[in-house]
Amino acid sequence: MLEKINQTADFLRGRVNGELPTIGIILGSGLGNLVDHITDKEVIPYKEIPNMPVSTVAGHSGNLIFGTLNGRRVLAMQGRFHYYEGYDMKSVTFPVRVMHALGIDTLFVSNAAGGMNKEFKVGDVMIITDQINLFPENPLRGHNYEELGPRFPAMTEPYSKELIAKADAIAARKGIRIMHGVYVGTTGPTFETPAEYEYFRVIGGDAVGMSTVPEVIVARHMDMRVFGVSVITDLGGKDITEVPSHEEVTKAAENAQPTMLAVIKDLVAEC
Numbered sequence: 000m001l002e003k004i005n006q007t008a009d010f011l012r013g014r015v016n017g018e019l020p021t022i023g024i025i026l027g028s029g030l031g032n033l034v035d036h037i038t039d040k041e042v043i044p045y046k047e048i049p050n051m052p053v054s055t056v057a058g059h060s061g062n063l064i065f066g067t068l069n070g071r072r073v074l075a076m077q078g079r080f081h082y083y084e085g086y087d088m089k090s091v092t093f094p095v096r097v098m099h100a101l102g103i104d105t106l107f108v109s110n111a112a113g114g115m116n117k118e119f120k121v122g123d124v125m126i127i128t129d130q131i132n133l134f135p136e137n138p139l140r141g142h143n144y145e146e147l148g149p150r151f152p153a154m155t156e157p158y159s160k161e162l163i164a165k166a167d168a169i170a171a172r173k174g175i176r177i178m179h180g181v182y183v184g185t186t187g188p189t190f191e192t193p194a195e196y197e198y199f200r201v202i203g204g205d206a207v208g209m210s211t212v213p214e215v216i217v218a219r220h221m222d223m224r225v226f227g228v229s230v231i232t233d234l235g236g237k238d239i240t241e242v243p244s245h246e247e248v249t250k251a252a253e254n255a256q257p258t259m260l261a262v263i264k265d266l267v268a269e270c
């Protein structure tokens, strides 16, 4: 794995002109338009990158984008990889390993999520304060490479409290409604049953999705700072009768983009 990480990182170093970034961004469903705000872009399709998987999900482009966002050099993943697509956890989290090898020390993750917190409404933006891992496999399972991180990494602060405080201050300054909550990660690809939504709420979850948790575990294994945000694209529970679809989730995420962008762009500048 180390050889593949270094091979991919070396390839990207040779393709990128200018300074390498220290900030990485993983864009989730319907949130890819952040790239429109990145200037001086260098776009590298996943299919041209050695060892890089290719996303199979509608709405997920497959590009690495190097450029400048609000004055800071960034690397954005336009399209991520999911366990439900059939990838193993090493493949799902491989891009995060490569980011770290390139010198990235701060990771922004975004996703679309179903909400079970009774105070949430569709279109809310939720800062992720913690997570619950319900995937059947941990991305750190197997041989541990000490060059990457410790065998038993602590997860007491999966999401940076410092970055959360900065985001709260930005939202307050801009008069933006911002929620906080715990993200539950599941395999998918089915949307949750009403009983499952209730179960996730009872065990402490506020929103649920099919990504993010593996990437955050790997990032923290390498001591990267993480900031996470979910767009609440649908609601679930025993009293919810609406049936979600991928198209509706994507549309709700797109409608929430201005709120998310307003916070993330300023937060990137303050990192």
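Going by numbering that gives the first Met the number 0, the first residue of the sequence shown is number 0, and it counts up by one from there.
From the three backbone atoms N, C-alpha and C, an ideal C-beta is built for every residue, glycine too.
Between proline 213 and threonine 92, the gap from beta carbon to beta carbon is short of 9 Å.
No residue range can be given for phenylalanine 119, since it is assigned to no beta strand (DSSP E) and is classified by DSSP as neither H nor E. Among the bridge pairs identified by DSSP, glutamate 41 is matched with Phe65. Distance between threonine 249 and threonine 232, taken at the CA atoms: about 8 Å. Residue environment analysis places isoleucine 202 among the exposed positions, since fewer than 16 neighbouring C-beta atoms fall within 10 angstroms of its C-beta. Around the beta carbon of aspartate 123, a 10 Å sphere encloses 16 or more other beta carbons of the protein chains shown; the residue is thus reported as buried. Between the C-alpha atoms of isoleucine 177 and lysine 40 there is a straight-line separation of about 30 Å. Membership of arginine 200 in any beta strand (DSSP E) is not indicated; the residue belongs instead to the alpha helix (DSSP H) covering 193-201.
If you draw a straight line from the Cα of arginine 71 to the Cα of isoleucine 263, it comes to about 12 Å. Alanine 153 is positioned such that its CB atom lies closer than 9 Å to that of arginine 219. For arginine 150, same chain residues with a beta-carbon under 6 Å away, outside a window of 5 residues either side, are Asn143 in chain order. Per DSSP, arginine 219 is one residue of the alpha helix (DSSP H) stretching across 212-220. For leucine 133, there is no enclosing beta strand (DSSP E), since its DSSP letter is neither H nor E.
Three or more Cβ pairs closer than 8 Å define a contact, and the stretch 96-103 falls short of that threshold against the stretch 179-187.
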